[in-house]
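Read the structure below first, then the notes.
Put into structure tokens, the structure is as follows:
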């Protein structure tokens with residue numbers, strides 16, 4: 004049996020589409036569990052939820068906000084952003100419950116993606132920041148930094164965002180800017196940039212070292228009884 008005297012950890016994995024966020028969140032959870040720490044991986048959007056289903060349909064181009072003429076409304080990006088944030092608040096409530104129960108959480112995407120993607124769609128950054136302030140905040144946010152052109156060579160593209168390489172390049176630049184500069188004026192917690200190049204194991208080790216740098220007690224205070 005393992006008794007833990009340190010609190011659970013909430014880690015966010017962020018980055019452009021298909022950079023490996025979900026898989027690295029799974030790897031991190033497996034590592035925490037191997038230490039005897041209860042942990043769970045979550046991901047946003049939650050495509051199994053009603054809002055998540057709408058998000059998936061919007062990304063596929065099957066759903067959009069129409070104006071009086073039936074054309075795509077100029078408010079469509081804002082409507083889509085609102086759906087994304089509503090989805091995150093539903094997940095935030097679940098994360099709070101997990102953390103309160105002593106369970107660590109690794110999330111593939113969080114509020115940073117709302118800011119990065121929303122800004123690229125022309126939505127005011129301050130509006131997004133205000134909207135996400137009520138979300139549970141992570142102990143550490145890790146950016147998996149991968150060149151979108153590299154991802155395009157190794158992955159099939161599925162939705163309208165993933166197929167747009169120019170957009171992915173802009174998103175990558177926005178992510179780097181957020182982690183290196185804007186982070187100081189957004190919401191306060193620790194940030195780390197990790198290269199997403201290399202094997203899955205190599206990236207997982209880099210993520211783990213970033214987590215240990217923030218929370219060495221994860222290992223140091225694991226007490227076997």
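In our numbering, the protein residues as written are 4 to 228.
C-beta atoms are modelled at their ideal positions from N, C-alpha and C, and glycine is treated no differently.
Asked                                                                                                   : Found
Whole-Å CB distance - residue 146 paired with residue 108, under 8 Å assumed                            : Not really, about 18 Å apart at Cβ, beyond 8 Å.
C-beta atoms of residue 168 and residue 155 nearer than 8 Å                                             : yes
Per-residue DSSP class, three states only, for residue 75                                               : strand
Beta-carbon gap between residue 66 and residue 95 smaller than 8 Å                                      : no
Residue 209 - containing alpha helix (DSSP H), residue span                                             : 203–217
Alpha carbon of residue 90 to alpha carbon of residue 33, nearest angstrom                              : 25 Å
As assigned by DSSP and simplified to three states, the class of residue 107                            : strand
Contact check, residue 15 vs residue 218, beta carbons under 8 Å                                        : no
Paired residues, beta bridge with residue 69 - DSSP                                                     : 75
Collapsed DSSP secondary structure at residue 194 in the structure displayed                            : strand
Three-state secondary structure assigned by DSSP to residue 13                                          : strand
Cβ distance (whole Å) where residue 194 is taken to contact residue 182 below 8 Å                       : 5 Å
The ligand GDP heavy atom lying under 7 Å from the CB of residue 146                                    : With respect to the ligand GDP, the structure offers nothing, as it holds no ligand at all.
Continuous alpha helix (DSSP H) assignments of at least 4 residues falling wholly in the segment 20–103 : 24–37, 53–62 and 79–103
Beta-carbon proximity of residue 117 to residue 87, cut-off 8 Å                                         : yes
For residue 174, three-class secondary structure by DSSP                                                : helix
Where residue 146 sits in the DSSP three-state scheme                                                   : strand
Beta-carbon gap between residue 82 and residue 68 smaller than 8 Å                                      : yes
Cβ-based neighbour list, residue 98, same chain, cut-off 6 Å, excluding 5 preceding and 5 following     : 108 and 139
Nearest-angstrom Cβ-Cβ length linking residue 46 and residue 63, presumed shorter than 8 Å              : The Cβ separation is near 18 Å, so there is no contact.
Buried or exposed (CB count within 10 angstroms, at least 16 for buried), residue 199                   : buried
Own chain residues within Cβ distance below 8 Å of residue 178, not counting five before or after       : 17, 18, 19, 115, 119, 146 and 148
Residue of 142, 203 and 42 minimising C-alpha distance to residue 213                                   : 142
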